[in-house]
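J.:
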Amino acid sequence: MLSHYTTLFKKLRVDKNRNYYPDATTHRAPHKPFLLLSIIDLTGQGRITSNVIEPSFELADTFNSYWSTVMPPGRRGLISYPFYHMRSEPFWKLIPNPGYEDRPGQNFSSMAKIREVYAGARIDEPLYALLVDPVFRERLRTALVQTYFDPAGQSMVGSQGLINFAADAYAADVKTGVHEGLESFAASNEEDAVRIRDQGFRKAIVSLYDHRCALCGIRMLTPDGHTVVEAAHIVAWSKTRDDRATNGLCLCRLCHWSFDEGLMSVGKNYEVLVSKRVRVEANNPGHILTLSDRPIFMPGQDRFRPDQNNLAHHRQEIFMR
Ligand SMILES: [Zn+2]
């Protein structure tokens, strides 16, 4: 079975275009390899638990992590494309939602569209059994990596796979508050260690706040799994090396910038503080003024709420009254 599926993985039907795809992907479209690598990762993390592959945010997020690591900046990669076109491979069967059984000519330009039409995709049972096994799973990964990437690409894809795995474990530690640091993940260099930490912290915070900005409440995801929010440290990591959820806030880009610049903060009763400085000169702070004194959005469980000691530090050291 292993050799059967390794062979299929090595013979994926992918576009080839010397002018469009870089050396790193051997001038071939990396969509299908990235999707399969993402499925391998999520199965290894115990997040895919059956042979039905759902078009989830996590799957898109993992796909995007490979894409942004390997592909040149500005090149857009949509996971909806391989999710649909993988049907040309014998191990992938799309599962239509009721009412969508026979609708040819659909447009699959986004995951939202995929989710509307399909409940997911079913992969062969024997393939899923291989993916659950740590040894066989890595053999399948190796087949993909060695077939579709040049040595530079192999190195990027290989380290991204390790980072995805470690970041997932790190995210679990952020939530439990264990946060033993990166020692146990054996990052091969400082750059990878930073990426594991950043990615793990982001995963944990964004999921605890369900993609909602703590300060303004905005929640926006693109159909392909890009989210407007980021994970912010209340007290800078460089100061206390504190990656616990209680030192984090999920913030949209504008609120993150405003928080770091000291234009916004959080009060003793978890209310939004807006600095008077936003009004000076020719500023036009718009909706930010309307947020003043409103309660912030927080995770449901108390133990994940921002620590008031951390917030006090931000009010004293960063916030401009
Ligand atoms: Zn915001």
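The opening residue of the sequence shown carries number 18 in my numbering; numbering runs sequentially from there.
Each residue gets a CB set at the ideal place from its N, CA and C atoms; glycine is no exception.
1) Looking only at its chain, what residues have a beta carbon closer than 6 Å to the beta carbon of Gly194, apart from the 5 residues adjacent to it on each side?
2) May I have a chain-ordered list of the beta strand (DSSP E) segments no shorter than 3 residues that lie completely inside the segment 258–317?
3) What residue range is occupied by the uninterrupted alpha helix (DSSP H) comprising Ile131?
4) Can you tell me which of Lys285, Phe26 and Asp215 puts its alpha carbon nearest to the alpha carbon of Asp259?
5) Could you compute how far the alpha carbon of Asp40 sits from the alpha carbon of Phe314?
6) Looking at Tyr135 and Pro47, is the spacing between their C-beta atoms short of 8 Å?
7) Give me whichever residues DSSP pairs with Ala404 in a beta bridge.
8) I'd like the span of the beta strand (DSSP E) that includes Leu111, first residue to last.
9) In or out: Leu157 buried (at least 16 other Cβ within 10 Å) or exposed?
10) Terminal residues of the continuous alpha helix (DSSP H) containing Asn181?
11) Given 7 Å as the limit, tell me if Cys230 has its C-beta closer than that to any heavy atom belonging to ligand 1.
12) Checking 8 Å against the spacing of the C-beta atoms, do Ile251 and Gly265 come in under that value?
13) What residue range is occupied by the uninterrupted alpha helix (DSSP H) comprising Val149?
14) Classify His243 as buried or exposed, calling it buried when 16 or more other Cβ atoms lie within 10 Å of its own Cβ.
15) In angstroms, rounded to a whole number, what distance separates the CA positions of Pro66 and Glu133?
16) Using 8 Å as the threshold, is the C-beta distance between Ile70 and Ala146 below it?
17) Buried or exposed for Asp319, going by 16 or more other Cβ atoms inside 10 Å?
18) Based on the DSSP secondary-structure assignment, which residues constitute the bridge partners of Ile70?
19) Just to confirm before moving on: does the CB-CB distance between Leu53 and Phe74 stay below 8 Å?
20) So which of Ile140, Arg93, Lys49 and Ile96 has the shortest CA-CA distance to Ile112?
21) If we ignore side chains and look at the alpha-carbon of each, how far apart do His331 and Tyr37 end up?
22) Ile235: beta carbon under 7 Å from a heavy atom of ligand 1?
23) Mapping DSSP to helix, strand and coil, what is Arg45?
24) Does Leu306 pass the burial test, meaning 16 or more other C-beta atoms within 10 Å, or should it be called exposed?
25) Rounded to whole angstroms, what's the CA-CA distance from Leu308 to Ser292? Just pull it up for me.
26) Does DSSP classify Leu95 as helix, strand or coil?
27) Specify the secondary structure class of Lys33 as computed by DSSP and reduced to three states.
28) Is Leu232 helix, strand or coil by DSSP?
T.: The relevant details are as follows:
1) Arg261
2) 265–269, 281–283 and 289–291
3) Met128 to Val134
4) Asp215
5) 45 Å
6) no
7) The structure shown has nothing for residue 404, since the chain only spans 18 to 338.
8) Trp109 to Pro113
9) buried
10) Pro168 to Thr193
11) yes
12) yes
13) Glu142 to Val149
14) exposed
15) The question names Pro, but residue 66 is Thr in the sequence shown. Using only the alpha carbons, I get a separation of about 22 Å.
16) no
17) exposed
18) Ala138
19) no
20) Ile140
21) 47 Å
22) yes
23) strand
24) exposed
25) 11 Å
26) coil
27) strand
28) coil
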